[in-house]
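A.B. asks: Dropping a structure here in C-alpha cells format, bear with me for questions.
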Amino acid sequence: VSETRLYQPNDKSPLQIFVRAKKKINDIYGEIEEYVNEATTFINALHSDAEIVDKAERELFESYVYKVAAIREVLQRDHMKVAFFGRTSNGKSSVINAMLREKILPSGIGHTTNCFCQVEGSDGGEAYLIKEGSDEKLNVVNIKQLANALSQEKLSESSLVRIFWPRERCSLLRDDVVFVDSPGVDVSANLDDWIDNHCINADVFVLVLNAESTMTRAEKQFFHTVSQKLSKPNIFILNNRWDASANEPESQESVKSQHTERCIDFLTKELKVTNEKEAAERVFFVSARETLQARIEESKGNPPHMGAIAEGFQIRYFEFQDFERKFEECISQSAVKTKFQQHSSRGKSVSGDMRSMLDNIYERITIFRNLKQDQKNLLTERIQGTETQMMQVTREMKMKIHNMVEEVEEKVSKALNE
Ligand code: GTP
Ligand code: MG
62 VSETRLYQPN
72 DKSPLQIFVR
82 AKKKINDIYG
92 EIEEYVNEAT
102 TFINALHSDA
112 EIVDKAEREL
122 FESYVYKVAA
132 IREVLQRDHM
142 KVAFFGRTSN
152 GKSSVINAML
162 REKILPSGIG
172 HTTNCFCQVE
182 GSDGGEAYLI
192 KEGSDEKLNV
202 VNIKQLANAL
212 SQEKLSESSL
222 VRIFWPRERC
232 SLLRDDVVFV
242 DSPGVDVSAN
252 LDDWIDNHCI
262 NADVFVLVLN
272 AESTMTRAEK
282 QFFHTVSQKL
292 SKPNIFILNN
302 RWDASANEPE
312 SQESVKSQHT
322 ERCIDFLTKE
332 LKVTNEKEAA
342 ERVFFVSARE
352 TLQARIEESK
362 GNPPHMGAIA
372 EGFQIRYFEF
382 QDFERKFEEC
392 ISQSAVKTKF
402 QQHSSRGKSV
412 SGDMRSMLDN
422 IYERITIFRN
432 LKQDQKNLLT
442 ERIQGTETQM
452 MQVTREMKMK
462 IHNMVEEVEE
472 KVSKALNE
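Mapped onto full-length UniProt numbering, the consecutive letters of the sequence shown carry residue numbers 62 to 479.
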C-alpha cells in the first residue's frame, strides 16, 4: 500500500456512539452466553432426574444456546453502511476517496465505476479484494492494479466487489463504516435490483450531484424508488464540483440558493423523508477532488491549501468537514437504532423465556424437595416412636429384672436362714 501517513485517531468522533454501543451490547451478549451455558450444564445434570426436567425442555433450552451464538455472530459483523448514488462522473468515487483520505477507488472522466464496489476495513494491515461468488482474496498492491482488476473482469453492473483496506489507515474504516460505490444511475436499467441487492441495509444514502448542472430525472427516480422500498431513508445531498463556481463569482450565490431550494424541496415535498429544518442540514456544496488533494498534501505534512484548485478553497473544505460531521452523527445514531434495537429486544425475549423456564424448574424443584422433606419427617417420627417404645420396654425390663433379683435375693436369704 502507499506511504501516506497514518491517520490521527479521533475519539471525539460521533461514530464512537456506534462503536461504544457495539462494545456494550457485545459484552452483554457475552454475559448472556456465559449464563446460558452455565444454565445448560445445570439443566443437563437435572435431566438425569426425569421427574424435574424432560427431554423437550432440555432441547428447548439448547435452542437458546444456538440463538444467542447466532446473534453474537451477527453482532460481530454489524457495521454502518453508506451508499453513494448519482449520475456518471458526478464524483461519487472521488467523494469516497476524499473521505478515506486516499485515492483508493478508481475515478476519472467517462463511465469509470462499472459495478458496485464496497470498501470496508480489514484487520492485519492487508489490502485485498473479493469478487462476488468467490472466496479468493486477490491482493491489491496499488490503485492502478485495483483499477485494472476491476476493469478486466466482465462484471455485471449489479455485481459487487468487496475491497478490504487496512483499518488503521482511516478512522472511518476503523470505526466500522462501510462504503458502497455504484455505477451512474443513468447507465442502468436494473435500478430495482440495485436497491434490493445493495441498499436494503444501508443506514445512509449520499446523492452526489454535479453542481454545474442540475438534478436529473434518473437521479430523482432512483431515490423515489428507494424511499418507496425503505421507510424514511437518511439522504444527504452533495452538490459536488462546487470549485467550478469560482469561475463565475457573480452568479455563485444565486446558483447556490437555486440548488439549495431544489434539493430541500426534493427531500421534503417530493420524497417526504424529512422536514425543512433537517433537510437544510443535509445539503452541501463541496469539491471532492480538492478535498482529496488537500488531504493527500496534509498527509505529506503540507498545508491543505496546497491542494486547492480554485478561489474559495477554505470554505469548500470546511463545508466538506461539516458534511462529514453531520454524516457521522446521522449514521451512528441510525445504525445503533436499526441494528442494536433489534438485537436488544431479541436478547430480552430470549432471557425472558429462559427465566420463565428456570422459574418453572425451580418451582418443581421446591415441590420435590418439600415432598422429600415430608417423607423424611415421617420417617423421623416413626423412629422417634420406636425409640420411646424401646425405652419403655427397657424400663419395664429393668423393673422386671430388678424385681426378679429382689425376689431371688429374698428367696436365697430365706433359704439360708432356714
Ligand atoms: P462513474 O464511476 O463513472 O459513475 O463516475 P463517478 O461519479 O465515480 O465520478 P469520479 O469520481 O470518477 O469523477 C469523475 C471525474 O470528475 C474525475 O476526473 C474527477 O477527478 C473529477 N472530479 C470529481 N470531483 C470533482 C470536483 O469536485 N471538482 C472537479 N473539478 N472535478 C472533480
Ligand atoms: Mg465512480
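We put the beta carbon where it would ideally sit given N, CA and C, even for glycine.
Counting only the same chain and skipping the five closest in sequence on each side, list residues whose C-beta sits under 7 Å from that of Ala279.
C.D. replies: Cβ neighbours of Ala279 beyond the five flanking positions: Arg148, Val246 and Asp247.
A.B. asks: Are there 16 or more other CB atoms within 10 angstroms of the CB of Lys73, so buried, or fewer, so exposed?
C.D. replies: Exposed is the call here.
A.B. asks: Run through DSSP, which three-state label would Thr65 get?
C.D. replies: Residue confidence is low: Thr65 scores 43 on pLDDT, short of 50, so the model does not pin down where it sits. Its coordinate-derived value is still stated next. Three-state DSSP puts Thr65 in coil, outside helix and strand.
A.B. asks: Below 8 Å between beta carbons: does that hold for Leu353 and Lys164?
C.D. replies: Contact flag set, yes.
A.B. asks: In whole angstroms, give me the CA-to-CA distance for Asn295 and Ile104.
C.D. replies: Approximately 47 Å between the Cα atoms of the pair.
A.B. asks: What do you get for His285, buried or exposed, if any count of 16 or more other CB atoms within 10 angstroms of its CB means buried?
C.D. replies: His285 is exposed by the Cβ-count criterion.
A.B. asks: With distances taken Cα to Cα, identify the nearest neighbour of Asp88 among Ile78, Leu136 and Val238.
C.D. replies: Considering only alpha carbons, the answer is Leu136.
A.B. asks: Compute every distance between the C-beta of Ser220 and the non-hydrogen atoms of the ligand MG, then say whether any falls below 7 Å.
C.D. replies: Outside the cutoff, so no.
A.B. asks: By alpha-carbon positions, which one of Phe283, Ala100, Trp255 and Lys317 ends up nearest to Ser274?
C.D. replies: When only C-alpha atoms are compared, the closest one is Lys317.
A.B. asks: Touch check for the segment 171 to 190 and the segment 429 to 439: three-plus C-beta pairs under 8 Å?
C.D. replies: Cβ pair count under 8 Å is below three, so no.
A.B. asks: List in chain order: all unbroken alpha helix (DSSP H) runs of 4+ residues lying wholly within the segment 186 to 226.
C.D. replies: With a minimum length of 4 residues, the continuous alpha helix (DSSP H) runs that stay inside the segment 186 to 226 are 204 to 213.
A.B. asks: Under 8 Å, do Gln394 and Ile78 count as touching if we go by C-beta distance?
C.D. replies: Cβ distance < 8 Å, so Gln394 and Ile78 count as in contact.
A.B. asks: Apart from the five residues just before and just after Val143, which ones in its own chain have a Cβ nearer than 8 Å to its Cβ?
C.D. replies: Answer for Val143: Val238, Val239, Phe240, Val241, Ala263, Asp264, Val265, Phe266, Val267, Phe388 and Ile392, listed in chain order.
A.B. asks: What are the partner residues of Ala144, as DSSP defines its beta bridges?
C.D. replies: Answer is Val241 and Phe266.
A.B. asks: Taking the alpha-carbon positions, what's the residue 10 to Thr329 distance?
C.D. replies: This structure does not reach residue 10, given that the chain is present from 62 up to 479, and the question cannot be answered.
A.B. asks: Using the C-alpha atoms, what's the distance from Phe384 back to Asp414?
C.D. replies: Distance between the alpha carbons of Asp414 and Phe384 is about 44 Å.
A.B. asks: Do you know how far the Cα of Ala340 is from the Cα of residue 539?
C.D. replies: An answer regarding residue 539 cannot be provided, because it is not within the stretch 62 to 479 covered by the chain.
A.B. asks: Starting from Glu181, follow its DSSP beta bridges and name the residues at the other end.
C.D. replies: Paired residue(s): Phe225.
A.B. asks: Quick check on Leu299: does DSSP put it in helix, strand or coil?
C.D. replies: Looking at Leu299 - three-state DSSP - the assignment turns out to be strand.
A.B. asks: Does the beta-carbon of Ser249, which I'm using as the reference point, lie nearer than 7 Å to any heavy atom of the ligand MG?
C.D. replies: Checking the Cβ of Ser249 against the ligand MG gives no.
A.B. asks: Among Ile113, Ala100 and Asn308, which residue has its Cα nearest to the Cα of Ile422?
C.D. replies: Per the Cα distances, Ile113.
A.B. asks: If contacts are defined as beta-carbon pairs under 8 Å, then residue 11 and Leu252 qualify, I think. What distance do you get, rounded to the angstrom?
C.D. replies: The requested residue 11 is not part of the displayed model; the chain covers only 62 to 479.
A.B. asks: Could you tell me whether any non-hydrogen atom of the ligand MG is closer than 7 Å to the CB of Asp264?
C.D. replies: No, the Cβ of Asp264 stays beyond 7 Å of every heavy atom of the ligand MG.
A.B. asks: Does DSSP put Val347 in a helix, a strand or coil?
C.D. replies: Here Val347 sits in coil by DSSP.
A.B. asks: According to DSSP, is Asn175 part of a helix, a strand, or is it coil?
C.D. replies: The answer is coil: DSSP assigns Asn175 none of H, G, I, E or B.
A.B. asks: Following a CB-centred definition, is Lys153 positioned closer than 7 Å to any heavy atom of the ligand MG?
C.D. replies: Yes, the Cβ of Lys153 comes within 7 Å of a heavy atom of the ligand MG.
A.B. asks: Does the separation of the CB atoms of His259 and Leu221 fall below 8 Å?
C.D. replies: Yes; because the gap between Cβ atoms is below 8 Å, this pair is in contact.
A.B. asks: CB of Pro75 to nearest heavy atom of the ligand GTP: below 7 Å?
C.D. replies: Pro75 Cβ: outside cutoff for every heavy atom of the ligand GTP.
A.B. asks: By DSSP's criteria, Asn271 is part of a beta bridge. Which residues make up the other side?
C.D. replies: Answer is Asn301, bridged to Asn271.
A.B. asks: Can you tell me the Cβ-Cβ gap for Ala355 and Pro365, rounded? I've got them flagged as a contact below 8 Å.
C.D. replies: Between Pro365 and Ala355 the Cβ distance is about 4 Å, and since that is below 8 Å, they are a contact.
A.B. asks: Could you tell me the boundaries of the alpha helix (DSSP H) in which Glu163 lies?
C.D. replies: Careful: Glu163 lies outside any alpha helix (DSSP H) and carries neither H nor E.
A.B. asks: Locate the alpha helix (DSSP H) running through Leu291, then write down its first and last residues.
C.D. replies: Unbroken run through Leu291: none, as it is neither H nor E.
A.B. asks: Do Val344 and Thr321 have their C-beta atoms closer together than 8 Å?
C.D. replies: Contact flag set, yes.
A.B. asks: Could you check what DSSP says for Pro365 in three-state terms: helix, strand or coil?
C.D. replies: Three-state result, Pro365: helix.
A.B. asks: In whole angstroms, give me the CA-to-CA distance for Thr427 and Trp226.
C.D. replies: If I take the Cα positions, the gap works out to 58 Å.
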